[in-house]
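Presented below is the structure to which this report refers.
There are 2 protein chains.
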Amino acid sequence: MQRIETMMEEEIRILFAKTSAKMRKDYADSLREVNIYVGQDHLLWQLWRKDGATQTELSELMGCEPPTLTNMVKKLEAYGLVTRKKDASDARVTRVFLTEKGSALEYPIEEIWRNHQKKMLNGISEEDRLTLKRLLLQIDNNLKI
Amino acid sequence: MQRIETMMEEEIRILFAKTSAKMRKDYADSLREVNIYVGQDHLLWQLWRKDGATQTELSELMGCEPPTLTNMVKKLEAYGLVTRKKDASDARVTRVFLTEKGSALEYPIEEIWRNHQKKMLNGISEEDRLTLKRLLLQIDNNLKI
DNA sequence: GCAAATTACTTAGCCTGCTAACTTAACCTT
DNA sequence: AAGGTTAAGTTAGCAGGCTAAGTAATTTGC
């Protein structure tokens, strides 16, 4: 009994890691069409919702550490998708703005999202989707602290 | 209607990415206790099951690309956890073996796994665990090809 | 039996992502 | 107003992970 449960937990852990890695890989392939890497779309998404956000705001929204954001912004700046401007009222703060090229990616990337979601959730009922969502939230919550 | 479904899919996609990133992070913290990085435990695990596996076998079992494996093995070799030996019958093949230090990590790392699984699945019923497993398998399968 | 194709692995060069340690600017606090 | 603390970013250095291109050994196919 105990043995079976332990085995199942192991399988879930491994399955979870395996599935999320595969999702990421599959997604990376799609994003290559628009010359973007996984994670960068997330940053752009935040800017589509709030252009001119500060780097601290962005790293909090994205759930990543400040150095990760610094690097990513630098790269997107090198690609010509965003620009950085120092905040007028607080010289410590840097705000990130979309360029025209960065804004133009919104629709193509949303299209990639839609396709990816459709592919990933194919054949899964509405009820199961709700359950999956609930379980993910619970796991997410279990990992707090 | 359509709008709601689209939003939910977006949330699942984002939630999934968020939760798996958090799992990885939380897990990385635990593994730091034994001076190991996420992914390296997976390689060691394969060797505990099959010491002396070839690199191609390992990269297939782990679902990663050969260069990823080359790098990881190199690092574990530098740490003194594994050694590499050329195969006698086929000079192209490299086999990976555990050192004593590498074997010794089996129990501590299994303990970390158990704790992590317990924490992650806390409060989730047996039925829900089965559902989660089924959904993960389905998503995994959807992403094939 | 020898050239061509395949296999196993490596190298180089990107990327995300992390921690630790640092800089600079702003804010308290006495 | 000087000195310490906090806050926002950066730099350096290390991981995993990828693709593209290269090397060397083994098969295959004529």
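Here the protein sequences come in this chain order: A and B.
Residue 98 in this note's numbering sits at position 98 of the first sequence, with consecutive numbering throughout.
Here this note's numbering = 1-based position in the second sequence + 145.
Just so you know, even glycine gets a beta-carbon here, dropped at the ideal spot from N, CA and C.
query	result
For A:Arg-95, name the three-state secondary structure that DSSP assigns.	strand
Could you give the first and the last residue of the continuous alpha helix (DSSP H) run that contains A:Arg-134?	126-142
My parser needs the beta strand (DSSP E) runs of 3 or more residues fully inside the stretch 62-91 of chain A; what are they?	82-86
For A:Ile-4, I'd like the list of residues in its chain whose CB is within less than 7 Å of its CB, leaving aside the five on either flank, ordered along the chain.	Note that A:Ile-4 scores a pLDDT of 44, beneath 50, so its modelled location is shaky; the value from the coordinates is reported in the next line. Closer than 7 Å at the Cβ level, and outside the excluded window around A:Ile-4, lies no residue.
Can you find a C-beta in chain A that's less than 9 Å from the C-beta of B:Leu-277?	yes
Between the alpha carbons of B:His-261 and B:Val-218, how many angstroms are there, rounded?	25 Å
Which bits of chain A does B:Lys-195 rub up against, with CB to CB less than 8 Å?	Correct list: empty, because the minimum Cβ distance to chain A is about 16 Å.
How long is the line joining the alpha carbons of A:Val-93 and A:Thr-70, rounded to whole angstroms?	12 Å
Can you give me the C-alpha to C-alpha distance between B:Arg-279 and B:Ser-234, rounded to a whole angstrom?	42 Å
Buried or exposed: A:Tyr-37, going by 16 or more other Cβ atoms within 10 Å of its Cβ?	exposed
Measure from the C-beta of A:Asn-71 to each C-beta in chain B and report whether the shortest distance is under 9 Å.	no
From B:Lys-170 to A:Lys-101, what distance separates their C-alpha atoms?	33 Å
When you compare each of B:Asn-180, B:Tyr-252, B:Ala-198 to B:Asp-232 by their alpha carbons, which one comes out closest?	B:Ala-198
B:Glu-251 lies in the alpha helix (DSSP H); which residues open and close that run?	251-265
Nearer than 8 Å: is that true of the beta carbon of B:Ala-198 relative to any heavy atom of the ligand HEM?	Annotation note on the ligand HEM: not contained in the displayed structure, which lists no ligands.
Straight-line CA distance for B:Asp-273 to A:Arg-13?	14 Å
Among all the DSSP beta bridges, which residues are the ones paired with A:Thr-54?	A:Arg-95
Pop quiz: A:Met-23 and B:Leu-288 are said to be a contact at Cβ under 8 Å. What is the actual Cβ separation, rounded to whole angstroms?	6 Å
Just the chain B side, please: which residues come within less than 7 Å of A:Asp-87 by C-beta, in chain order?	The premise fails here: A:Asp-87 is roughly 28 Å from chain B at the closest Cβ pair, so nothing lies under 7 Å.
For chain A, find out if any of its Cβ atoms is closer than 9 Å to the Cβ of B:Gln-185; answer yes or no.	no
Nearest to A:Thr-83 by alpha carbon, out of A:Ile-139, A:Cys-64, A:Leu-47, A:Ile-124?	A:Leu-47
Could you tell me the distance, in whole angstroms, from the CA atom of B:Gln-185 to the CA atom of A:Leu-43?	29 Å
In three-state terms, what does DSSP make of A:Gly-39?	coil
Look up B:Gly-268 in the DSSP assignment and say whether it is helix, strand or coil.	coil
Please list the partners that A:Leu-76 has in chain B, where partner means a Cβ-to-Cβ separation under 9 Å.	By Cβ distance, chain B contributes nothing, its closest Cβ being about 18 Å from A:Leu-76, past 9 Å.
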